[in-house]
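Okay, so here's the structure we're looking at.
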Amino acid sequence: MNRLSIAFTRRCGKDHRTCRTDCTFSTKKALIPFITGGYPNLETSEQLILAAADAGANMIIIGVPFSDPVAESPPVQKAEETALAGGCNVDKIFEITERTSYKVQIPMLFNVYANSIFVYGTDKFLEKCIKSSIEGLIVPDLPFEEKAEFAATCKKRAVQLISTIVPTDETRLSQIAENADGFFNCTVGIQDISSLMAQVKQIKNIPCAMGLDLDLDEVTAEQIKQVAADGIIISGKIVELLDNGGVSSVEEYLQALRTALDSVA
Amino acid sequence: MVGRFGEYGGQYIPEILMSALIELNVAYEKLKNDENFKEELANLLANYANRPSGLYFAQKMTEDLGGAKVYLKREDLNHTGSHKINNVLGQALLAKKMGKTKLIAETGAGQHGVAVATAAALMGMECDIFMGKLDTERQALNVFKMELLGAKVTAVTRGTMTLKDAVNEAMCEWVARIADTHYVIGSVVGPHPFPAMVRDFQKIIGTEIKQQMQSAENRLPDMVIACVGGGSNAMGAFYEFIEDESVELIGCEAAGLGVDTPQNAATMTKGSPGIFHGMKSYFCQDEYGQIAEVYSISAGLDYPGVGPEHAHLSDINRAKYVAITDAAAVNAFEYLSRTEGIIPAIESSHAVAYALEIVPTLPKDKIVVINLSGRGDKDVDAIAQYKKRG
Chain A
920 MNRLSIAFTR RCGKDHRTCR TDCTFSTKKA LIPFITGGYP NLETSEQLIL AAADAGANMI
980 IIGVPFSDPV AESPPVQKAE ETALAGGCNV DKIFEITERT SYKVQIPMLF NVYANSIFVY
1040 GTDKFLEKCI KSSIEGLIVP DLPFEEKAEF AATCKKRAVQ LISTIVPTDE TRLSQIAENA
1100 DGFFNCTVGI QDISSLMAQV KQIKNIPCAM GLDLDLDEVT AEQIKQVAAD GIIISGKIVE
1160 LLDNGGVSSV EEYLQALRTA LDSVA
Chain B
64 MVGRFGEYGG QYIPEILMSA LIELNVAYEK LKNDENFKEE LANLLANYAN RPSGLYFAQK
124 MTEDLGGAKV YLKREDLNHT GSHKINNVLG QALLAKKMGK TKLIAETGAG QHGVAVATAA
184 ALMGMECDIF MGKLDTERQA LNVFKMELLG AKVTAVTRGT MTLKDAVNEA MCEWVARIAD
244 THYVIGSVVG PHPFPAMVRD FQKIIGTEIK QQMQSAENRL PDMVIACVGG GSNAMGAFYE
304 FIEDESVELI GCEAAGLGVD TPQNAATMTK GSPGIFHGMK SYFCQDEYGQ IAEVYSISAG
364 LDYPGVGPEH AHLSDINRAK YVAITDAAAV NAFEYLSRTE GIIPAIESSH AVAYALEIVP
424 TLPKDKIVVI NLSGRGDKDV DAIAQYKKRG
C-alpha cells in the first residue's frame, strides 16, 4: 500500500498521512474529481482544487491540457481546447499546484499526454512534479508496451505511473496488473467493472477507479451501491457544472456525491 | 524494441486500442508471408490497380533542364490516380482475411479516402471516411467521388478541421467499433505495425523502379526524389534503395508560405522529436509539445508529423529532407503540365520542384527519378484560384 492506494479510503478528519491503519480497511468509495487545468481560466482551477478538497475528495486529478486529447470525453476535450486558447501551459499549471500543495492534504495527480512530458524533458517534468506534490501520472496515450518511456524517471522521483486497464485477455491483464502501482485506472462500462475488478485484484490487490459522470438527480443510492469500483472519477460533469454555475455548483455537487457515496458504504 | 526505427516509432496509444493493434500485428505477421495472400494481392495490383506503373524517361524535361537524365515513376497512372491504392488494397485484403466487415479511414486531400472507398466497394465492405471540414471544402470533388463509391463521408469539425483532426476522429471511432472494423491508416504513420506495414505495401514502387531502371539503363539511379507528408510514397520509393548507398534519397516536405513563416508543414526542417498519433517521430509543435497548426497549399502534405522511419533515415543521414514552398510547387505543377503533358498532383509537384532546382546542377551522366505519386486533376481548381489571387 502506498499513499495513492490509501487515499481511496475516506479522510477521517485527520491528515491521511498519519492515519493509514484507520483508513486502510475502510470500505467507502473514493471520490476523485478530474479538474481540467486552466478551464475556464487558471484562477478558477486553483479555487476548484481547494473547493474539491474541502468537499471531501479523496484525491484530485488535474488534466494538463493537450492540443489533441483523443482519450478524453467531448466536454473535457472542449475544456482543454478552451484552456489552451486562454494561454494555459504546463508551467502555469505547475505554479497552481505548487501553491495548492501547501493547502491540500489529499494527493494530486496529473492526467497528462506523453508529448507534454517528453517535450518538457522527462527529468525536468518529474522534478517539477515533486516540487508541487504531484504524486501520480495518468498518461492516456501510454499503454503497457511504452511504460519504459517514463517508468525509470517516475520511479526515481517516487511518482506513481498509473496503469490503465480495459477488459482484455488474461495474459495481458496479468502483465499490466503485476506492474501496476497506486490504483488501476479502469476504462470500462459500468456493467463490466465487477468482472474486471475480480480479475485484476487476484493479481494485485490495489484499488480500482473508473470514470463515471454521475447525474445525482437521476441516480439512486441503490444504483451507486451497485457500482463496484473503489473510486469514481468525475470529469465531464465538472465541466458542465462549471459552465452552468461556476465553482460553487461543482462544490455542492461533490458534497452531495460525497454524502451519497458514504451512505452506501 | 518492437516496431522501432532507431528511437522512433512505438505504440503510444490509449490502452483501449492495444488489443486491436496486437490482433492486427499478429494477422499481418502471419499473412505477409502467406503465398495465397501474396498472390491475391499481386493479382489485384496487376489487374485492378494497373501495376506495374511506368518508369517514363522525361526527354523534353531532361533537354530543357540540361543536366541529369530525368525519369518519372508514374504512380499517377494507377487506378484512383495515386500511389494510395497500393496500401489500401493490401490493408483491405488483410482486413477481409481478419473477418472485418467495415473499413474506416482518415483522408486529407481525399486521395486516400477515394482509394479506401474504392477497395470497400470492390470487396463488399462498409466504409466510413473522416475528413477535416476544411478539406471537404477544398476537395469537394473527392467527397462526391467517395459518396459515389458508396462510402459515408463525415466532416470533422473539431480542432483545426484538417488531416490531423480526421486522424483523431478516426481513432476515436475505431475504439467504439474495434470488433468488426479495420482502420486503414493512409500513410507510414501511427502506432506499430502501421508504419512498417504501410511501407511494406508501398515498397513495390521502389522495387519496380529498380527493375525498370535496370532494363532501361542497366544501372541504379543516382537520386530518387519524392514528396513527404506522412511519407508513404517516399518510403515506398526509398525502401528498396536504402542499402544502395550510391543512391541519394531526397524527401520534399511542404514549406507552405516559407519555413520562416508560421504557415508551413516542414516537419523535418522546422519540427522536433515528439510523441503523437501513436508514434515517436518529428512534429511541428510548440515548446510545450502542443501540436502546431500547419499549412500547405497541398491538403495531402498538410500534416504536422512524419513517419518514424523517415525520422530515423534523417537522423542517420541516409535520406535528406528539403522544404519546398507553395510557389515553387505551383511553378513545378505548371512546368510539368506544359513540358511533358502530365498534370501532377500538387503533392508530387513538390518533388518536381526540387528536381527543377537540382537537375541543372548535375552532370549529364547522372540519373534522377522523381516519384510522381499522383495526378493533378483534383488540384486544377485550387491552382486556378491560387493564380487568380496572385
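As you go down the protein sequences, you meet chains A and B in turn.
Residue 920 is where the first sequence starts when you use the numbering used here, and the numbers rise one by one after that.
Residue 64 is where the second sequence starts when you use the numbering used here, and the numbers rise one by one after that.
We put the beta carbon where it would ideally sit given N, CA and C, even for glycine.
8 angstroms is my cut-off, CB to CB: does residue i come that close to chain A?
i, result
"B/Met161", "no"
"B/Pro77", "yes"
"B/Tyr351", "yes"
"B/Asn434", "no"
"B/Asp440", "no"
Which residues of chain B have a Cβ atom closer than 9 angstroms to the Cβ of residue i, listed in chain order?
i, result
"A/Ile1084", "Glu78"
With C-beta atoms as the reference, is residue i less than 8 angstroms away from residue j?
i, j, result
"B/Gly171", "B/Gly363", "yes"
"B/Met298", "B/His373", "yes"
"A/Ile1152", "B/Glu78", "no"
"A/Ile980", "A/Ile1057", "yes"
"A/Ala1099", "A/Met1129", "no"
"B/Val216", "B/Thr199", "yes"
"B/Ile387", "B/Cys315", "yes"
"A/Ser1132", "A/Ser1154", "Ser is not the amino acid found at residue 1132 of chain A; the sequence shown has Asp there. It is a contact, given that the beta carbons lie within the stated cut-off."
"B/Ala300", "B/Ile267", "no"
"A/Val1169", "A/Leu1161", "yes"
"A/Val1078", "A/Gly1055", "yes"
"B/Ile430", "B/Lys132", "yes"
"B/Arg381", "B/Leu283", "no"
"B/Leu118", "B/Tyr134", "yes"
"B/Ala416", "B/Ala447", "no"
"A/Val1107", "A/Pro1126", "no"
"B/Glu236", "B/Phe304", "no"
"A/Phe915", "A/Ile1036", "Summary: the structure shown does not reach residue 915 of chain A, with chain A confined to residues 920 through 1184, and so no result is reported for it."
"B/Ala184", "B/Gly213", "yes"
"B/Ala455", "B/Ala259", "No statement about residue 455 of chain B is possible, as the shown extent of chain B runs from 64 to 453 and does not include it."
Strictly below 8 angstroms CB to CB, what residues from chain B border residue i?
i, result
"A/Glu1064", "Val65, Gly73, Gln74 and Met81"
"A/Asp1060", "Tyr75, Ile76, Pro77, Ile338 and Gly341"
"A/Leu1003", "Gln353"
Against residue i, what residues of chain B qualify as contacts under a CB-to-CB distance less than 7 angstroms, listed in chain order?
i, result
"A/Thr1106", "Glu78 and Ile79"
"A/Val1078", "Residues of chain B passing the Cβ test: none, with the nearest at roughly 18 angstroms."
"A/Asp1181", "Here the premise fails: no neighbours, minimum Cβ distance about 31 angstroms."
"A/Pro1087", "The sequence shown places Thr at residue 1087 of chain A, rather than the Pro named in the question. Ordered by position in chain B, the residues that pass the 7 angstroms Cβ test against A/Thr1087 are Ser82."
Can you confirm whether residue i, when its beta carbon is compared against all beta carbons of chain B, has any partner nearer than 8 angstroms?
i, result
"A/Arg936", "The predicted position of A/Arg936 is uncertain, since its pLDDT is 47 and thus under 50; a value taken from the coordinates is nonetheless stated next. With 8 angstroms as the cut-off, A/Arg936 does not count as an interface residue toward chain B."
"A/Ser1168", "no"
"A/Asn1008", "yes"
"A/Glu1159", "no"
"A/Thr1178", "no"
Name the chain A residues that come within less than 7 angstroms of residue i, Cβ to Cβ?
i, result
"B/Ile354", "Ser986 and Asp987"
"B/Asn231", "Asp987 and Val989"
Name, please, each residue of chain A whose Cβ falls closer than 9 angstroms to the Cβ of residue i.
i, result
"B/Met234", "Val989"
Residues of chain A with CB closer than 8 angstroms to the CB of residue i, please, in chain order.
i, result
"B/Gly222", "Ser986, Asp987 and Glu1000"
"B/Lys227", "Asp987"
Problem set entry | Ordered list of beta strand (DSSP E) runs contained in the segment 86–167 of chain B, each at least 3 residues | 118–120 and 132–137
Problem set entry | Short-range partners of chain E found in the segment 79–109 of chain B, where Cβ spacing is below 7 angstroms | The question asks about chain E, but that chain is absent: this structure's protein chains are A and B.
For this session: Anything in the segment 1019–1038 of chain A with a Cβ closer than 9 angstroms to a Cβ of chain B? List those residues in chain order, please.
Result: Tyr1032, Ala1033, Asn1034, Ser1035, Ile1036, Phe1037 and Val1038
For this session: Would you list, in chain order, the members of the segment 966–998 of chain A that have their beta-carbon closer than 8 angstroms to a beta-carbon of chain B?
Result: Phe985, Ser986, Asp987, Val989, Ala990 and Gln996
Problem set entry | Contacting positions in the segment 322–349 of chain B - beta carbon closer than 7 angstroms to chain A | Gly337, Ile338, Phe339 and Gln348
Exercise. What residue ranges within the segment 353–401 of chain B form continuous beta strand (DSSP E) runs of no fewer than 3 residues, ordered along the chain?
Worked result: 382–388
For this session: Ignoring anything shorter than 4 residues or poking outside the segment 946–998 of chain A, list the alpha helix (DSSP H) runs there in chain order.
Result: 961–973
Exercise. Along the chain, which unbroken stretches of the beta strand (DSSP E) at least 3 residues long are found entirely within the segment 1129–1169 of chain A?
Worked result: 1150–1153
For this session: Tell me the start and end of each unbroken beta strand (DSSP E) in the segment 995–1021 of chain A that is at least 3 residues and wholly inside, in chain order.
Result: none
For this session: Can you check the segment 233–276 of chain B for any alpha helix (DSSP H) of at least 4 residues that lies completely inside it and give the ranges in chain order?
Result: 257–265
Exercise. Hey, which unbroken runs of the beta strand (DSSP E) at 3 residues or more fall wholly within the segment 1062–1141 of chain A?
Worked result: 1082–1084, 1103–1105 and 1127–1130
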